[in-house]
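Take a look at the structure below.
In my numbering, the protein residues as written are 336 to 909.
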């Protein structure tokens, strides 16, 4: 057999292995050395392929596909710096447990370290940001090597999906000629079924938890990303115990459609302002810490009388506060349901009622603010939350956008899903990740809430929307710079230092950006107009940019006014 035939069989068999472990989509960035894998993936009927020439955008797009589908997604690029552009998205995938299968192609061994072009060292390129690195063997056509290729495709994909999920990197050294035999069929088709169980506690340990929690003054703290269905289980657990529940926006507790007075959606605003006469006896944390710094400070202020339980599905000990007295390494949802089934004693209403009162007072304070009734970045963000359609998808950018939702979101009945990139918390790749989300369910309402700097960082990603007709509505909060720094200690600097280094105005006309990528553009002039535009997206999804012009100082002043009002209402500091 020829080198071309051997390579074709070897790579086809590898692809079959990935399919056997659940791969259905691949994102390809064109290049020479990746030609055989690109063609075989593109022609594989069982795999939907997307082409994105910008590798950084491609990687984040794959990240969005995997987030929204909860399935492994393949990334493919050529040799050289192409793979290095994957790095930011891979860091995010590793930190947020997203299963990506990264395929980089490479010069064969005889062309390495001899000055051949495009031959950088790709061994362990992503270091500790992937679960595993695999240097594939040079393609051969023997049965032994075909079995090896299939096994690696299947095993690598399955490893990416195992808890904790994450990216896997496979590097393929390929010799020329690089064109595969496109008329060649697989020698043998193989399938492998993978059966896996969930990590559970023993009956003895479950009863121990129930006995320690039921009837006690407790608080549920939910971090990390969860589906609306998972969020409903957490709310049911809170109601079963009669405990208040504090959550991260990405936990979808306020978006899952289930209303409960125990949901403390305004905890970030009131938790540092209230006088807590009774300390909680139990804190049960699921996953990473929520975004709220005030919640973090409150948790840090608790003394040893509070028993802190940390439910860590990944087993990675991601307890930032290092407070846990009991670490529970178990599949979260089945554990929560098991506790629900066993709890027989609810905590007295007096404990939860004071939290409900704090929530109600904060809501009243917000309703009294005239600023919440006119268009600004805060009210616009809240309106996006309120106007999401049932089963819609909202991607929220880092920095200010997600904090507006964390502080001001109400509990809605619209049952949509909220996504974000909170593994590394960067603002790069947000547009591309949101478009990956949109590509999974293009018939639904898909919205991206993003600031101007994050938008600028990933404008290249808009080409994917144009190429594949992805109907993403982008609500652009434009305060002409880095608005988050106006909330941080850097704002104490003199304007001559602050503005160029932290304010960083970019002065971009985003109507021209929309024109470049064939997107509809609208500048919202009022809250009512924005509401109408968002309602239209529920019925008629389309690729568009809706710009909301904001003011950095206005955002800070509104937040400080809310906090000052709560200080007065709660009287903690009087």
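Ideal placement from N, C-alpha and C gives every residue a C-beta, glycine not left out.
These numbers come from a predicted model, not from an experiment.
Beta-carbon proximity list for residue 399, same chain, < 7 Å, skipping 5 on both sides: 767, 768, 769, 770, 771, 772
DSSP three-state call for residue 909: helix, strand or coil? For residue 909, the predicted structure reports a pLDDT of 42, less than 50, and the residue's modelled location is therefore unreliable. The matter cannot be settled from this model.
Can you tell me whether DSSP reads residue 507 as helix, strand or coil? strand
Could you tell me if the beta carbon of residue 719 falls within a distance shorter than 6 Å of some heavy atom in the ligand PLP? This structure lacks the ligand PLP, and indeed carries no ligand of any kind.
Whole-angstrom distance between residue 786 and residue 496, CA atom to CA atom: 32 Å
Identify the residues that DSSP records as bridge partners of residue 441: which are they? 508
Expected contact under 8 Å - CB spacing of residue 724 and residue 749 to nearest Å: 7 Å
Using three-state DSSP, classify residue 352 as helix, strand or coil. helix
Just to confirm the assignment, what range does the alpha helix (DSSP H) spanning residue 425 have? 422-431
Got a sec? Which residues, its chain only, sit under 6 Å from residue 343 by beta carbon, not counting five neighbours each side? 515, 516, 519
Which whole runs of the alpha helix (DSSP H) in the segment 841-884 are 4 residues long or more, in chain order? 845-851, 862-874
Going along the chain, which unbroken runs of the beta strand (DSSP E) with 3 or more residues stay wholly within the segment 584-629? 617-621
N- and C-terminal bounds of the alpha helix (DSSP H) containing residue 395: 390-404
Do residue 550 and residue 680 have their beta-carbon atoms positioned less than 7 Å apart in this structure? yes
According to DSSP, residues forming a beta bridge with residue 644: 619, 661
Between the Cα of residue 339 and those of 852, 475, 480, spot the shortest distance and give me the residue it belongs to. 475
Which of the three DSSP states, helix, strand or coil, is assigned to residue 892? helix
Check the C-beta distance from residue 590 over to residue 752 and give it rounded, since I have them as a contact under 8 Å. 7 Å
Just the C-alpha distance for residue 559 and residue 649, rounded to the nearest angstrom, thanks. 12 Å
Using a 10 Å radius around the Cβ and a threshold of 16 neighbouring Cβ atoms, would you call residue 722 buried or exposed? buried
Grab the span of the beta strand (DSSP E) containing residue 479 for me, first residue to last. Per DSSP, residue 479 belongs to no beta strand (DSSP E); it is in the alpha helix (DSSP H), 478-496.
Anticipated Cβ contact below 8 Å, residue 817 with residue 845, distance rounded: The pair is not a contact, with the Cβ atoms about 16 Å apart (cut-off 8 Å).
Residues in its own chain within less than 6 Å of residue 440 by CB, not counting five upstream and five downstream? 368, 369, 413, 414, 507, 509
Cutoff 6 Å; reference residue 404; Cβ partners in own chain excluding five residues on either side: 775
For the segment 685-694 and the segment 594-608, state whether three or more C-beta atom pairs, one from each stretch, are separated by less than 8 Å. yes
Per the DSSP calculation, residue 467 is bridged to which residue(s)? 503
To the nearest angstrom, how far is the alpha carbon of residue 458 from that of residue 406? 26 Å
Given that a residue counts as buried once 16 or more other Cβ atoms are within 10 Å of its Cβ, and exposed if not, what is residue 464? buried
Span of the alpha helix (DSSP H) around residue 702: 684-702
For residue 908, count neighbouring C-beta atoms within 10 Å of its own C-beta (all shown protein chains included) and say buried if the count is 16 or more, exposed if not. Low confidence applies to residue 908: its pLDDT is 46, below 50, so where it sits in the model is not reliable, and the reading given next is rough at best. By the 10 Å Cβ count, residue 908 comes out exposed.
CA-CA distance, residue 790 and residue 675? 43 Å
Measuring only the C-alpha atoms, how far is residue 392 from residue 358? 20 Å
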